[in-house]
């Protein structure tokens with residue numbers, strides 16, 4: 001493998017990791033506050049559709065992004081009402097939202113655009129264009145570092161950089177602010193937060209809202225950055241992979257970055273080597289397509305070690321006497 | 322012991338720290354608090370005593386804003402206040418130390434203290450401020466805790482100090498402690514009392530909720546008794562006696578000790594040698610325990626919760642694997658293989674009344690008649706082949722309920738609808754009526770009212786007199802002393818020693834429970850215990 005190929009693979013790793021990172025951090029905020037969120041997938045999907053449809057209709061990707069965030073947070077609100085206010089089962093609520101998202105997006109897309117459940121292709125201002133980082137061109141000739149900067153780091157959609165910056169931001173919020181302390185506490189022992197005179201419900205809604213915001217950005221990136229338009233089921237299990245990454249990362253932001261990059265790399269490799277020969281026998285494409293998912297299972301089953309989730313995860317808070 | 326503090330004298334004419342007027346609270350048809358009025362003077366330690374379910378906790382929950390009273394008024398320092406939530410209670414200067422600590426296990430002491438009372442949006446300044454304050458408080462009240470230690474690595478005594486520090490950090494003037502000594506060794510409890518007296522002398526008001534008469538007599542200035550939701554009277558501690566308080570609590574004369582003849586032990590039923598248990602975190606919970614029980618004998622295992630006594634019951638009951646040898650009636654039993662399960666144990670004549678009856682002894686949503694058959698479902702009396710004979714089970718249950726005085730005697734009622742005492746009687750009936758050679762009993766009277774305690778103790782003694790062997794695990798030292806024919810004290814997974822109840826006392830057992838095996842010099846017990854804990858920690862580091 002030469003240097004250029006390596007750079008290309010890493011470049012697509014970054015592009016493919018970005019939505020995973022955002023979704024994974026969304027899950028991190030939610031689960032650190034004790035609300036399991038299996039609905040990351042559905043939130044990303046409605047966001048992808050909303051941003052594709054609105055960006056196409058208005059011609060502005062930014063309005064599309066806002067629509068994505070709005071749609072995703074609407075699902076978050078439903079999840080919040082079901083699991084925080086009505087103390088319903090968080091898994092069931094999340095699964096229901098995933099079904100809702102899978103069906104509704106195609107249905108609305110079909111009746112809106114009549115193109116078989118997809119939005120028309122986006123172009124121009126309706127997409128996030130690659131951003132060229134400063135001096136990328138002039139530095140491109142510097143050996144080794146030049147191509148790394150110009151080809152690998154530069155030239156991504158703005159949302160990729162947003163995703164990368166969200167990692168340190170999440171860390172800072174969780175471990176350096178009052179809000180973060182309370183958020184972590186409410187996922188471990190809500191009774192402690194409650195008796196300290198802080199609203200458990202308020203904190204949990206805030207965390208679910210943040211999860212909605214991040215999933216909104218992730219979904220928008222799928223249809224207006226990574227691809228040009230919404231297609232049916234375009235999240236393709238990324239929400240679940242993000243959850244897997246979250247467990248692999250033991251609910252920590254920096255580990256989450258690493259885990260998502262790893263899963264992104266697996267996807268990049270699968271994309272790159274669609275037709276692989278092993279000892280002269282061609283592997284079917286499907287095997288390479290399935291590889292990231294198979295590896296997800298293998299990694300989770302074998303390499304995670306003991307991951308201790310937030311202790312109050314999945315349990316609605318009921319005051320005891 | 323109950324000398325009046327100077328602060329209290331100064332405040333004699335001042336309005337009371339807390340005044341309750343006509344507080345009532347109902348949960349559906351159950352009236353938890355009936356028209357309760359109470360005055361607590363500033364700078365005193367006031368005890369509230371009553372049985373489980375007497376309404377003590379409800380009353381304190383109202384004070385701390387967990388519940389809203391249906392009727393009545395709360396006055397703090399003479400001014401009426403409204404306490405809709407915990408935040409309001411904290412603002413009114415009330416701090417609460419709950420029976421089950423409200424701490425975040427994987428946070429540091431500092432983070433727990435600061436949580437909810439931070440200054441500003443960033444953590445660092447708050448943590449720094451709290452650190453200074455903790456140092457001051459530690460010096461002032463002997464409340465030493467390492468501010469950077471994680472809660473999960475601290476013992477319960479230390480965790481309790483963190484709870485007190487939390488309240489003081491929020492500038493509480495009134496400190497409520499709910500059953501604070503349940504998890505402490507006697508020496509730790511003494512230290513707690515010294516802290517409380519120190520706080521009182523600084524002018525704080527302390528409310529101590531407990532069902533232990535000894536504590537009330539030892540540390541309080543005044544005491545109120547609650548029974549069935551009502552306040553049956555408030556007296557000066559110096560003018561009352563334990564017998565008097567017990568009668569006020571129960572509403573009739575009670576036997577504070579168990580009536581039993583001396584034991585006549587027979588052959589050895591159970592012989593345990595070098596029992597070791599390693600838990601799933603890799604921590605050794607039992608480090609070579611050896612003990613034996615003879616027929617017609619009650620062996621009491623005393624110890625502070627979490628020192629390995631539960632594991633002994635788990636291993637013998639078949640819910641936990643171990644290494645070592647255990648001989649039951651002279652034959653070895655399987656400790657880690659195919660026959661180390663509960664069913665094999667029952668076949669060998671071992672019956673188990675688990676410590677946590679609601680989790681391990683019963684299925685709370687199932688009917689009583691279903692619960693009385695658990696573990697014995699393959700008994701031909703209860704059915705044949707794959708079919709259960711539910712009618713037979715119901716009938717059998719009705720008989721058990723009558724013999725064990727379970728109230729109400731209705732086999733179709735779900736287990737959760739019985740009181741703690743009656744739930745325990747259901748479990749006891751199931752296990753005792755199997756006529757086991759060895760009965761394992763954990764915390765037989767936890768959460769059980771005094772009336773039922775007498776009954777349960779009698780049944781256990783009767784079983785002993787019928788020539789059965791009994792292992793009793795309890796964190797209540799009084800219960801161990803009253804029931805046991807021989808007492809083994811466990812500390813940190815090891816048996817510290819065995820004593821005969823008539824040749825020992827609470828003080829000696831208390832020191833053994835803290836891992837101290839020699840008669841200490843004239844230093845006070847708490848000092849010896851503290852040093853022991855310190856050297857223990859040094860070992861770990």
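Chains as they are written, first to last, in our numbering: chain E, 1 to 321; chain V, 322 to 862.
We put the beta carbon where it would ideally sit given N, CA and C, even for glycine.
Within 9 Å, strictly: CB atoms of residue i and residue j
i: residue 687/V; j: residue 736/V; result: yes
i: residue 189/E; j: residue 311/E; result: yes
i: residue 42/E; j: residue 102/E; result: yes
i: residue 759/V; j: residue 483/V; result: no
i: residue 497/V; j: residue 416/V; result: yes
i: residue 197/E; j: residue 408/V; result: yes
i: residue 648/V; j: residue 791/V; result: no
i: residue 355/V; j: residue 550/V; result: yes
i: residue 443/V; j: residue 177/E; result: yes
i: residue 130/E; j: residue 111/E; result: no
i: residue 242/E; j: residue 299/E; result: no
i: residue 464/V; j: residue 451/V; result: no
Buried/exposed call for residue i, threshold 16 Cβ in 10 Å
i: residue 587/V; result: exposed
i: residue 487/V; result: buried
i: residue 98/E; result: buried
i: residue 397/V; result: buried
i: residue 770/V; result: buried
i: residue 542/V; result: buried
i: residue 635/V; result: buried
i: residue 267/E; result: buried
i: residue 321/E; result: For residue 321/E, the predicted structure reports a pLDDT of 45, less than 50, and the residue's modelled location is therefore unreliable. The matter cannot be settled from this model.
i: residue 275/E; result: exposed
i: residue 254/E; result: exposed
i: residue 668/V; result: exposed
i: residue 533/V; result: buried
i: residue 54/E; result: buried
Nearest-angstrom beta carbon gap, residue j and residue i [assumed within contact, 8 Å]
i: residue 812/V; j: residue 835/V; result: 7 Å
i: residue 795/V; j: residue 764/V; result: 6 Å
i: residue 480/V; j: residue 424/V; result: 6 Å
i: residue 622/V; j: residue 809/V; result: 5 Å
i: residue 56/E; j: residue 120/E; result: 6 Å
i: residue 748/V; j: residue 682/V; result: 4 Å
i: residue 664/V; j: residue 744/V; result: Incorrect: roughly 23 Å between the Cβ atoms, too far for contact.
i: residue 136/E; j: residue 149/E; result: 6 Å
i: residue 867/V; j: residue 547/V; result: No information on residue 867/V is available, as it lies outside the stretch 322 to 862 that chain V covers here.
i: residue 714/V; j: residue 742/V; result: That belief does not hold up - the Cβ atoms of residue 714/V and residue 742/V are roughly 23 Å apart, past 8 Å.
i: residue 69/E; j: residue 217/E; result: 7 Å
i: residue 757/V; j: residue 672/V; result: 4 Å
i: residue 167/E; j: residue 21/E; result: 7 Å
Contacts that residue i makes with chain V (C-beta to C-beta distance below 9 Å)
i: residue 85/E; result: None at all; the shortest Cβ gap to chain V is about 17 Å.
i: residue 391/E; result: One cannot answer for residue 391/E here, as it falls past the ends of chain E, which runs 1 to 321.
i: residue 185/E; result: 425, 428, 432, 433, 436 and 437
Chain B contact residues for residue i, given Cβ-Cβ distances below 9 Å
i: residue 188/E; result: Looking at the structure shown, chain B is missing, and the protein chains on hand are E and V.
Within chain V, partners of residue i - CB distance below 7 Å
i: residue 194/E; result: 407
i: residue 105/E; result: Here the premise fails: no neighbours, minimum Cβ distance about 38 Å.
i: residue 191/E; result: 423
8 Å Cβ cut-off: residues of chain E touching residue i
i: residue 417/V; result: 195
Near the ligand GTP: residue i beta-carbon under 8 Å from a heavy atom
i: residue 340/V; result: Summarising the ligand content, the structure contains no ligands, and the ligand GTP is consequently not present.
Chain E residues whose Cβ lies nearer than 7 Å to that of residue i
i: residue 432/V; result: 181
Residue i versus the options, residue with shortest Cα-Cα distance
i: residue 287/E; options: 24/E, 270/E, 300/E and 281/E; result: 270/E
i: residue 92/E; options: 38/E, 108/E, 122/E and 180/E; result: 38/E
i: residue 203/E; options: 212/E, 185/E and 127/E; result: 185/E
i: residue 499/V; options: 539/V, 485/V and 639/V; result: 485/V
i: residue 27/E; options: 257/E, 142/E and 50/E; result: 257/E
i: residue 538/V; options: 359/V, 614/V and 368/V; result: 368/V
i: residue 641/V; options: 600/V, 512/V, 553/V and 752/V; result: 600/V
i: residue 657/V; options: 401/V, 725/V, 596/V and 724/V; result: 596/V
i: residue 394/V; options: 379/V, 432/V, 352/V and 339/V; result: 339/V
i: residue 237/E; options: 53/E, 13/E, 22/E and 44/E; result: 44/E
i: residue 802/V; options: 823/V, 390/V, 502/V and 344/V; result: 823/V
i: residue 555/V; options: 517/V, 545/V and 422/V; result: 545/V
Residues that residue i contacts on chain V, provided the C-beta gap is smaller than 8 Å
i: residue 176/E; result: 443, 444 and 445
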